[in-house]
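In the working numbering, the protein residues as written are 1324 to 1617. No residue lacks a Cβ here, since even glycine has one placed at the ideal position from N, Cα and C. These notes are about the structure you will find just below.
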């Protein structure tokens, strides 16, 4: 940004300027926030000022009137990198598991065993998310996990999204282990898949939250998530319905948290890298502990 920038929006509210800056960013127009004695201002390069004002005017016209319309959902990133990493991790662990890589029984070492988890082997809540019982189980979780994770990654960035999915999935496994009998055992990414679904549902609901509308429309994102949970998460004789539900509920909590935060927070690339590396380190450490205790 330089002295040829032009002011395209002013407001005493920083959040109002930030919201419009994110709208412009999604359209490929870089903006800068500044503050002076008159309040906050949004500046863009002079050659883009006319277009920026038009886009801001269009954004404001779409969000005026009564009842208020839902706020548009702004995407920050394509979300593909996180999905690619997710697919690579599941396929790699599936190969390790099927070939007993390094001489380990990966399924036995990493699956959730309720008694073991509650006795302190909490890493199983993480490692179990990467294991599968058969090819159909794996393919289903690859497809739905990639789909839900892609959308979450587009809204909050891939690093934050997949760290959140990993944490919510692990939390879901822990709660399920606590609720189940001691001999209960399970494995699969489906807990994380439904955590991603819950996260997506709650995030969309929270972002659309402050408008006046009939309750079916107001609660549509949550109801849609519950419907998908019921449709895709309750079938099969080996389905761990409890893990699906606890994963979904933990994902709802994460989605509400993310939806309550300023979206400008997620535009920070350093945060995305830190979150992504933290998730990778968490997964690697969990497997080191699992194999070390095998």
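- Message: Can you tell me whether residue 1488 is buried or exposed? The criterion is at least 16 other CB atoms within 10 Å of its CB, across all chains shown.
- Response: Counting other Cβ atoms within 10 Å of its Cβ, residue 1488 reaches 16 or more and is therefore classed as buried.
- Message: Just to confirm before moving on: does the CB-CB distance between residue 1574 and residue 1491 stay below 9 Å?
- Response: yes
- In its own chain, which residues sit with a C-beta less than 6 Å from the C-beta of residue 1563, not counting the 5 before and 5 after it? The answer, listed in chain order, is 1509.
- Task: With a threshold of 16 other CB atoms inside 10 Å of the CB of residue 1600, please say whether the residue is buried or exposed.
- Result: exposed
- Alpha carbon to alpha carbon, what distance is there between residue 1352 and residue 1385? 19 Å
- Could you check if residue 1342 is buried or exposed, using at least 16 other CB atoms within 10 Å of its CB as the buried criterion? Classification for residue 1342: buried.
- Roughly how many whole angstroms lie between the Cα atoms of residue 1367 and residue 1522? 34 Å
- Would you decide whether residue 1611 is buried or exposed? Buried here means 16 or more other CB atoms lie within 10 Å of its CB. Exposed is the call here.
- Item | First through last residue of the alpha helix (DSSP H) which encompasses residue 1528 | 1513–1530
- Message: Less than 9 Å between the beta carbons of residue 1354 and residue 1405, yes or no?
- Response: With contacts defined as CB atoms closer than 9 Å, residue 1354 and residue 1405 fail to qualify as a contacting pair.
- Message: In whole angstroms, give me the CA-to-CA distance for residue 1515 and residue 1570.
- Response: The straight-line gap from Cα to Cα measures roughly 6 Å.
- Should the segment 1496–1504 be regarded as contacting the segment 1432–1441, the criterion being three or more beta carbon pairs within less than 8 Å? yes
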